[in-house]
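Colleague: Residue numbers (the working numbering): 50 to 179.
In this text, a Cβ means the ideal position worked out from N, Cα and C, and glycines have one as well.
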Amino acid sequence: MNIDLTEILITVISLVFTCVIVPVMAAAFKWLRSKTKNEALITALSEAETIATNVTSSLQTNVVESLKCASEDGKLSDQEVTEIRKKALDMFISDLSKQTYDVINANADDIGAWVQNLIEKRLLAIKKAS
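(1) Looking at the structure shown, is LEU125 part of a helix, part of a strand, or coil, going by DSSP?
(2) Hey, how far is the Cα of ALA184 from the Cα of ILE70?
(3) Measuring straight from C-alpha to C-alpha, what distance separates THR131 and GLU88?
(4) Quick one: using the 10 Å Cβ neighbour count with 16 as the cut-off for buried, is PHE66 buried or exposed?
(5) Taking only runs that begin and end inside the segment 149-174, name each unbroken alpha helix (DSSP H) of 4 or more residues, in chain order.
(6) Could you give the distance in angstroms between the alpha-carbon of ALA101 and the alpha-carbon of CYS68?
(7) For the candidate residues ASP139, ILE62, GLN148 and ARG82, whose alpha-carbon lies nearest to that of SER95?
Pasting the structure below:
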């Protein structure tokens, strides 16, 4: 029985490759996928924050102030508040890119509630600044 050194070397290299390199590469790809997902989520949240700021500023300037001036007591009715919230949600969703919508929708339990909370947060910031 003649053992060829080349065969032994090939066997050892294939074992090392199978036992070490493949799991390391799998872990590297898993890390890369999670990093890409995290970066996509960070980008989506940043875009959402910008859009929420723009929507609330626009509504505050163009709609809320004119409705307040038109009312006798200078306050919005419950119906007007509901209509403004719906308009804000519609504006937000229409301004959002499809990619960002998909990322947020995949990570939020209820995108409508999440958007409403984001917009409410922006409105509170506007009120505090005034």
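Modeller: Taking the coordinates as given:
(1) In this structure, LEU125 counts as coil in the three-state DSSP scheme.
(2) The chain is shown from 50 up to 179; residue 184 falls before or after that span and cannot be answered.
(3) If I take the Cα positions, the gap works out to 34 Å.
(4) If you draw a 10 Å sphere on the C-beta of PHE66, you find fewer than 16 other C-beta atoms in it, and that means exposed.
(5) Qualifying alpha helix (DSSP H) stretches: none in this window.
(6) Their Cα atoms are separated by approximately 50 Å.
(7) Minimum Cα distance to SER95 is reached at GLN148.
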